[in-house]
Amino acid sequence: MGQGRGRGGFPGSGLGGEVRAMPAENRNGLSADQKYEERFRAWMCPANVRFATPEAEKSYKQRAQRIKDVIELKKPDRIPVCPVVGFFPAKYAGITAREAMYDYEKLGAAWKKYHQDFLPDSLASCMLASPGNKVFEILDYRLYRWPGHGTPPDTPYQCVEGEYMREDEYDALIRDPSGYWMRFYLPRIFGALEAWGLLAPFTDLVEMPFTSPFLVPIGMPQVQRSFEALLEAGRAAVEWLQAVAAIDAEIMGTLGVPSVIGGFTKAPFDILGDTLRGTRGIMLDIYRRPGKLLEAMERLVPVAVEMGVRAATTSGNPIVFIPLHKGADGFLSRENFAKFYWPTLKAVLLGLIGEGLVPWVFVEGSYNQRLDFLADPDLPRGRIVWMFDQTDMVRVKELLGGVACFAGNVPVTVLKAGTPEEVRQYVRDLIEKVGQDGGFILATGGVVDDAEPENFRAMIEAGKEYGVYR
Amino acid sequence: MDRTRGALVEAIVGMREKEAVDLARALLDAGGDPLELLDACREAVEAVGQRFEKGEYFLPELMLAGEILAQISGMVKARVAAGATAREKRLGRVVIGTVKGDIHDIGKNIVSFLLDANGFEVIDLGVDVPPERFVEAVREFEPQVVGMSCLLTLAYDPMKETVRALEDAGLRDRVKVMIGGAATNDQIRVYTGADAWGKDAAEAVSLARAWVGR
Chain B
47 MGQGRGRGGF
57 PGSGLGGEVR
67 AMPAENRNGL
77 SADQKYEERF
87 RAWMCPANVR
97 FATPEAEKSY
107 KQRAQRIKDV
117 IELKKPDRIP
127 VCPVVGFFPA
137 KYAGITAREA
147 MYDYEKLGAA
157 WKKYHQDFLP
167 DSLASCMLAS
177 PGNKVFEILD
187 YRLYRWPGHG
197 TPPDTPYQCV
207 EGEYMREDEY
217 DALIRDPSGY
227 WMRFYLPRIF
237 GALEAWGLLA
247 PFTDLVEMPF
257 TSPFLVPIGM
267 PQVQRSFEAL
277 LEAGRAAVEW
287 LQAVAAIDAE
297 IMGTLGVPSV
307 IGGFTKAPFD
317 ILGDTLRGTR
327 GIMLDIYRRP
337 GKLLEAMERL
347 VPVAVEMGVR
357 AATTSGNPIV
367 FIPLHKGADG
377 FLSRENFAKF
387 YWPTLKAVLL
397 GLIGEGLVPW
407 VFVEGSYNQR
417 LDFLADPDLP
427 RGRIVWMFDQ
437 TDMVRVKELL
447 GGVACFAGNV
457 PVTVLKAGTP
467 EEVRQYVRDL
477 IEKVGQDGGF
487 ILATGGVVDD
497 AEPENFRAMI
507 EAGKEYGVYR
Chain G
1434 MDRTRGALVE
1444 AIVGMREKEA
1454 VDLARALLDA
1464 GGDPLELLDA
1474 CREAVEAVGQ
1484 RFEKGEYFLP
1494 ELMLAGEILA
1504 QISGMVKARV
1514 AAGATAREKR
1524 LGRVVIGTVK
1534 GDIHDIGKNI
1544 VSFLLDANGF
1554 EVIDLGVDVP
1564 PERFVEAVRE
1574 FEPQVVGMSC
1584 LLTLAYDPMK
1594 ETVRALEDAG
1604 LRDRVKVMIG
1614 GAATNDQIRV
1624 YTGADAWGKD
1634 AAEAVSLARA
1644 WVGR
């Protein structure tokens, strides 16, 4: 997943096609470890997946246990093979990205075929490929282009870089993040919500005499139209969820593959840098308004933690996916990484772990110049998965071995342009070098949109063959 | 002028934005030569590029240098008649773009900026550039170098198609083709039929320099 292609959605939520209210959290008084055990117990026996056969249930539990084992730095029977997959199943099944996004039947057939033919150890949720096109059309989503809306039919959705938050708006964001999102940010990224700039913040609603004045903007025709669009989008989102969650649940229930994405959140630097200030904006802010930037990121820490906790609680899946974008080698100096990127990312990780969750951090690009930060002694042992792209895996094992589970890093380039033999060699070599002691997941180095099927198969088979612990 | 010029270069390279812009303004107010001022800016940005190449500077510094340069150029343009800022001789010409199907432009823009700062004339075709547009641009501008950028893995085939389109048009041996982007490496260079792959903007500049014999 490249910069600015952060993907939302909470795969696994509402499995079985039902839309549920968020369950109340009854974990007060439990320690982080107790919460962790309780969440993983629930994940092992997913309430919303109906297993087609006892074998499917057995495979599910076996696969889930294997993943739990490696998170805890143990050595299971073999290395889990968990490719991170974007639009590859569409390409493999011969449908376009547009069809995958717009036609739930074709989407379902393609994603089922992918799982049946390759048998990976984790679910490739179709929610990532099809995040609900109708919703975006209704809201006139301007932050992204997608097939048929600005990109060709066979190309996935892509983020449009921009300065959606202006440089003089830090104080407004710091004062009231939700109000900022509602009144400044949303009107810019959703054409249909442009009128929300007229709204007053909900925090006005404290006394009777303040209440009717608050409601006045909502009575204006353009605001009324925006709420009508929002209601329609909400209905479309429910339709979408029912369709895609049923596909995911069927795959999980028939093949016994667990989902390793129970929620999604981001590093505060990336929240601001990807889709609010933009790359240029945030890089300049480091020089022009470092204090404001730091303050805003601090403010976003609890927001980012809550986002991950809520999604994981709703989905009943304790693994929270966090793609890292703008702190990689080449983006920031070590000093600026230490000052601007790492502290608030670390705070988000600690916040999630404190709630019994496991951050699955996708370290995009390379981290060779700052790998030591990830071995921070404040982070509890065996509670994170670090998934690497182009970082030197031997150094990863030196620094993180026995500290945290790490995953990686079959390059998408060899999957596309290599041969099956090259892929096997890569996997074998990687496992020999870094996979001997457990605590390791074989994964792809990037999100796979395009690959030669024979190469993809070679990766899975080689992982299962060379990954057996004797 | 010489001492002020040195101070200006130092302020830009040292990322002291306000000081740099104030110095430039003072220089112009005192009747300094606008063209020499621009020349000092170029010298400074080249030095920034070298630090980037050495791994001392990163994106914040490149972006800020670009900002300072834009502000000073704006002041110069406001004061001199059109046409007075005649360009010095360029090292060579590069046609660059993000290939078909991909709309990411941050990486490409950084490469364009550094090439320009290092004395290349850059024709930037933008994003989602189809092969035929690259072909037309090579015909029209006769560059020595073509640069193709991508972020998505789905852009490998469009890169390959672009190289083939240059071949089919009989233009392939007139240009050197370089590729770059997060999802590229030498294996993708081979796959696409490009001449070289660069891992970052500094490598793109080195490649282009080597190809024009500088």
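Going line by line, the protein sequences match chains B and G.
Using the working numbering, the first residue of the first sequence is number 47, and each one after it goes up by one.
Using the working numbering, the first residue of the second sequence is number 1434, and each one after it goes up by one.
By construction, the Cβ of each residue, glycine as well, lies at the ideal position given by its N, Cα and C atoms.
For ILE333 (chain B), tell me which candidate among G:ASP1472, G:ALA1457 and G:LEU1492 has the shortest Cα-Cα distance.
Residue identity check: residue 333 (chain B) is Tyr in the sequence provided, not Ile. Among G:ASP1472, G:ALA1457 and G:LEU1492, the Cα nearest to that of TYR333 (chain B) belongs to G:LEU1492.
What are the start and end residues of each continuous beta strand (DSSP E) run of 3 or more residues lying completely inside the region 385–471 of chain B, in chain order?
Those beta strand (DSSP E) runs which fall completely within the region 385–471 of chain B and span 3+ residues are 404–409, 431–434 and 451–456.
Quick one: grab the DSSP three-state call for ILE307 (chain B).
Under the three-state reduction of DSSP output, ILE307 (chain B) falls in the coil class, being neither helix nor strand.
Entirely within the region 134–170 of chain B and at least 3 residues each: give me those beta strand (DSSP E) ranges in chain order.
List check, beta strand (DSSP E) in window: nothing returned.
Please name the residue in B:GLY265, B:MET211 and B:VAL404 whose C-alpha comes closest to that of LEU339 (chain B).
It is B:MET211 whose Cα lies nearest to the Cα of LEU339 (chain B).
Can you tell me the Cα-Cα spacing of GLY1646 (chain G) and VAL1571 (chain G), whole angstroms?
Distance between the alpha carbons of GLY1646 (chain G) and VAL1571 (chain G): 20 Å.
Taking Cβ to Cβ, would you say LYS104 (chain B) is nearer than 9 Å to ILE293 (chain B)?
Going by C-beta atoms, LYS104 (chain B) is not nearer than 9 Å to ILE293 (chain B).
How big is the Cα-Cα spacing for GLY464 (chain B) and SER1582 (chain G)?
Approximately 21 Å between the Cα atoms of the pair.
Could you say which of G:MET1611, G:ALA1627 and G:ALA1615 lies nearest to ALA1641 (chain G) if we only look at CA atoms?
Checked all of G:MET1611, G:ALA1627 and G:ALA1615; the closest Cα to ALA1641 (chain G) is G:MET1611.
Interface residues of the region 318–352 of chain B facing chain G [CB-CB below 8 Å]:
Of all residues in the region 318–352 of chain B, only THR325, ARG326, MET329, LEU330, ILE332, TYR333 and ARG334 come within less than 8 Å of chain G when Cβ atoms are compared, listed by chain position.
Alpha carbon to alpha carbon, how far is ALA175 (chain B) from ARG503 (chain B)? Give it in angstroms, no decimals.
Those two C-alpha atoms are separated by around 21 Å.
Would you call THR99 (chain B) buried or exposed, if buried means 16 or more other Cβ atoms sit within 10 Å of its Cβ?
It is exposed - the Cβ of THR99 (chain B) has fewer than 16 other Cβ atoms within 10 Å.
Contained beta strand (DSSP E) runs [length at least 3] in the region 180–206 of chain B, N- to C-terminal order
Within the region 180–206 of chain B, the complete beta strand (DSSP E) runs of at least 3 residues are 190–193.
Which of helix, strand or coil DSSP assigns to SER176 (chain B):
Three-state DSSP puts SER176 (chain B) in coil, outside helix and strand.
Determine the closest residue to THR201 (chain B) out of B:ILE506, B:SER171, B:VAL494 and B:PRO499, with distance taken between C-alpha atoms.
Closest by alpha carbon: B:VAL494.
Find out if the Cβ-Cβ distance for the pair GLY319 (chain B), ILE328 (chain B) is shorter than 9 Å.
In this structure, GLY319 (chain B) sits near ILE328 (chain B), with a CB-CB distance shorter than 9 Å.
Burial state of ASP435 (chain B), where buried means 16 or more other Cβ atoms lie within 10 Å
Around the Cβ of ASP435 (chain B), a 10 Å sphere holds 16 or more other Cβ atoms; the residue is buried.
Rounded to whole angstroms, what's the CA-CA distance from TYR413 (chain B) to GLN162 (chain B)? Just pull it up for me.
TYR413 (chain B) and GLN162 (chain B) have their C-alpha atoms roughly 34 Å apart.
Identify the continuous beta strand (DSSP E) that holds MET1611 (chain G) and give its terminal residues.
According to the DSSP assignment, MET1611 (chain G) belongs to the beta strand (DSSP E) that extends over 1609–1613.
Return the residues of the region 168–191 of chain B that lie within a Cβ-Cβ distance of less than 8 Å from chain G, sorted by chain order.
The region 168–191 of chain B vs chain G, Cβ under 8 Å: ARG191.
With ILE368 (chain B) as the anchor, note down where its alpha helix (DSSP H) starts and where it stops.
Counting along the chain, ILE368 (chain B) falls outside any alpha helix (DSSP H), though it belongs to the beta strand (DSSP E) covering 365–370.
Between the Cα of LYS1487 (chain G) and the Cα atoms of G:TRP1644, G:SER1639 and G:ALA1643, which residue gives the shortest distance?
Ranking G:TRP1644, G:SER1639 and G:ALA1643 by Cα distance to LYS1487 (chain G) puts G:SER1639 first.
Interface residues of the region 206–222 of chain B facing chain G [CB-CB below 8 Å]
So the close ones are VAL206 and GLU207.
So with Cβ pairs under 9 Å, would you call ASN414 (chain B) a contact of chain G?
No, because no Cβ of chain G sits closer than 9 Å to the Cβ of ASN414 (chain B).
Which residue from B:LEU446, B:ASP79, B:ARG429 and B:PRO405 puts its Cα closest to that of ILE365 (chain B)?
Cα-wise, what sits closest to ILE365 (chain B) is B:PRO405.
Helix, strand or coil: how does DSSP classify LEU1497 (chain G) here?
Under the three-state reduction of DSSP output, LEU1497 (chain G) falls in the helix class.
Secondary structure at LEU1460 (chain G), three-state DSSP: helix, strand or coil?
If DSSP states are grouped into helix, strand and coil, LEU1460 (chain G) belongs with the helices.
Residues in the region 1605–1624 of chain G with C-beta within 8 Å of chain B's C-beta atoms, listed in sequence order?
So the close ones are ALA1615, ALA1616, THR1617, ASN1618, GLN1620, ILE1621, VAL1623 and TYR1624.
Paired residues, beta bridge with ALA88 (chain B) - DSSP
For ALA88 (chain B), which the question treats as bridged, DSSP gives no partner whatsoever.
Given this structure, state the Cα-to-Cα distance separating ALA67 (chain B) from SER361 (chain B), to the nearest angstrom.
Model confidence at ALA67 (chain B) stands at a pLDDT of 47, short of 50, so the residue's coordinates are unreliable and nothing is read from them.
Would PRO1591 (chain G) pass as a contact of VAL1532 (chain G) if the rule is Cβ separation under 9 Å?
Cβ distance < 9 Å, so PRO1591 (chain G) and VAL1532 (chain G) count as in contact.
By the three-class DSSP mapping on this structure, what secondary structure does ARG124 (chain B) have?
Residue state, collapsed to three classes: strand.
Would MET68 (chain B) count as contacting chain G if we go by Cβ distances under 9 Å?
Note on MET68 (chain B): pLDDT 47, under 50, position unreliable in the model; the coordinate value appears next. Taking Cβ atoms only, chain G never reaches closer than 9 Å to MET68 (chain B), which makes this a no.
Should ARG1622 (chain G) go down as buried or exposed, given a rule of 16 or more other Cβ atoms within 10 Å for buried?
So ARG1622 (chain G) ends up on the buried side.
Burial state of CYS205 (chain B) (16 or more Cβ within 10 Å)
Sixteen is the threshold: when 16 or more other Cβ atoms of the shown chains lie within 10 Å of the Cβ of CYS205 (chain B), as they do, the residue is buried.
How big is the Cα-Cα spacing for ASP375 (chain B) and ARG326 (chain B)?
Each residue's Cα considered, the two are about 17 Å apart.
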